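Notes for the one structure printed next.
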Amino acid sequence: MKVALIADTHFGTKKSDKTFQDSQLRFFNEQFVPELKEKNIDTVIVCGDIFDTRQTVNVQTENVVINLFKETFKDLNVHVVVGNHDIFHTNTTEINSLKALDLLPNVTVYEKPTEVMLGKEKVLMLPWITDYNDFQSLILDNYRYAFAHLDIVGFDMGGRLSDNGLTIKDVVSKFEHTYTGHYHHRSHREFQDGQTITYIGSPYQITRIDKNCERGYGILDLDTNTYTNCNNTVSMKFNIFTYPNVDRNRITGQIVDIHVPYEYQSDTKKIYLLVRELDALQPAYPVNTFNDPRPETDQTDIEIESSNFNLLSLFPKYLEQIEDSLPDKITVDELNTELVNLYNMFKGIES
1 MKVALIADTH FGTKKSDKTF QDSQLRFFNE QFVPELKEKN IDTVIVCGDI
51 FDTRQTVNVQ TENVVINLFK ETFKDLNVHV VVGNHDIFHT NTTEINSLKA
101 LDLLPNVTVY EKPTEVMLGK EKVLMLPWIT DYNDFQSLIL DNYRYAFAHL
151 DIVGFDMGGR LSDNGLTIKD VVSKFEHTYT GHYHHRSHRE FQDGQTITYI
201 GSPYQITRID KNCERGYGIL DLDTNTYTNC NNTVSMKFNI FTYPNVDRNR
251 ITGQIVDIHV PYEYQSDTKK IYLLVRELDA LQPAYPVNTF NDPRPETDQT
301 DIEIESSNFN LLSLFPKYLE QIEDSLPDKI TVDELNTELV NLYNMFKGIE
351 S
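First residue of the sequence shown: 1, per this note's numbering; consecutive thereafter.
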């Protein structure tokens with residue numbers, strides 16, 4: 001029996017931005033479901049974090065997701081484990097944003113560890129664990145397969161290795177093959193006694209940390225434990241260039257950043273004309289430009305023109321990059337508000 005695996009869809013990200021949402025849906029409508037039909041696969045496992053915002057779900061986003069599972073996925077049997085972004089409280093998975101999906105006849109949502117038969121295999125559906133100390137008492141049996149949403153120490157979070165969560169020893173002591181969501185970067189490890197841990201990764205690029213990284217879904221053959229990554233070919237990507245080298249074939253429909261090295265920053269007219277040319281190629285959003293700092297070997301005292309330096313604009317870009325490492329209780333919007341308040345409090349004080 002073959003099943004399709006996805007994780008970390010994060011609907012509602014970017015404050016439910018319509019352009020980004022359309023790109024998310026394009027993956028499911030134009031690639032994911034048609035390819036599953038071609039492969040005669042009718043079972044999908046979603047390993048957590050369907051929604052992005054923990055405390056509230058945008059009504060429009062909720063309707064889009066319900067329609068996706070009700071209509072687009074109508075011919076599929078869908079199993080969903082609750083992720084940490086799907087829950088309201090940090091100490092329980094029972095209050096979550098997936099209740100409406102569980103009412104659909106083709107969808108089953110798992111709020112607690114649950115044994116399920118897939119073909120001839122008895123597998124474990126394992127939602128987010130709110131207290132790692134409970135792991136051994138929650139998992140009383142051993143399983144060949146677990147489908148989960150887990151924090152596991154030592155795996156790539158996208159730029160750095162995780163240092164919090166379950167240990168690899170904990171996980172492989174209970175499961176022969178673990179397929180999990182939570183970290184958006186794909187990774188796979190095999191261990192001495194044949195156990196494996198696989199992070200499925202998100203279906204599409206969500207932040208600039210994802211640049212140059214393939215995203216998509218996986219196909220798992222439960223009979224042979226053969227796992228195949230299938231790359232997303234339709235959603236927009238973060239394409240980052242260093243001026244003046246720009247690939248014009250990678251502009252249309254994409255998110256485009258241009259970094260301008262210090263030695264080129266006086267070419268203001270050329271940069272302006274380039275950006276105007278690229279915007280005419282219809283990227284997903286207007287082209288972003290960033291002035292890179294002067295190389296350290298060439299630095300002297302630098303006077304910053306306050307009129308050209310907007311610290312407030314840097315806060316969201318920085319928070320976007322560290323979003324996945326924030327504690328569950330803190331949202332990007334809350335942290336940005338606090339930074340803005342601090343900025344306003346101290347902006348008139350000179351040392």
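Ideal Cβ positions, reconstructed from N, Cα and C, are used throughout, including at glycine.
This structure is a prediction, so every number in the text was calculated from the model and none was measured.
Three-way DSSP call (helix, strand, coil) for residue i in this model
i	result
residue 40	coil
residue 178	strand
residue 61	helix
residue 275	helix
residue 85	helix
residue 186	coil
residue 352	Outside the displayed range of the chain (1 to 351) lies residue 352, so it cannot be described from this structure.
residue 172	helix
residue 70	helix
residue 200	coil
residue 144	strand
Own chain, CB closer than 7 Å to residue i, minus 5 neighbours either side, in chain order
i	result
residue 265	291
residue 191	172
residue 271	243, 260, 289
residue 32	217
residue 251	278, 281, 283
residue 98	50, 80, 82, 86, 109
residue 14	20
residue 132	165, 166
Sub-7 Å separation of residue i and residue j beta-carbons
i	j	result
residue 227	residue 4	no
residue 332	residue 338	no
residue 236	residue 255	yes
residue 353	residue 189	Limits of the chain in this structure are 1 at one end and 351 at the other, which puts residue 353 out of reach.
residue 135	residue 163	no
residue 177	residue 8	no
residue 211	residue 238	yes
residue 138	residue 113	yes
Closest by C-alpha distance to residue i, when choosing among the options
i	options	result
residue 289	86, 279, 259, 277	259
residue 88	101, 53, 68, 78	53
residue 110	93, 121, 119, 117	93
residue 68	160, 273, 107	107
residue 147	153, 174, 158, 137	174
residue 221	10, 70, 40, 28	40
residue 287	95, 276, 141	276
Check: residue i C-beta below 6 Å from any heavy atom of the ligand ADP
i	result
residue 25	Ligands in the displayed structure: none, and consequently the ligand ADP is not present.
Proximal residues to residue i (C-beta, below 6 Å), its chain only, five neighbours per side dropped
i	result
residue 6	46, 203, 217
residue 23	235, 236
residue 241	258
residue 159	209
Residues of its chain near residue i, where Cβ-Cβ distance is below 8 Å and the 5 sequence neighbours each way are ignored
i	result
residue 16	58, 60, 61
residue 42	36, 75, 76, 77
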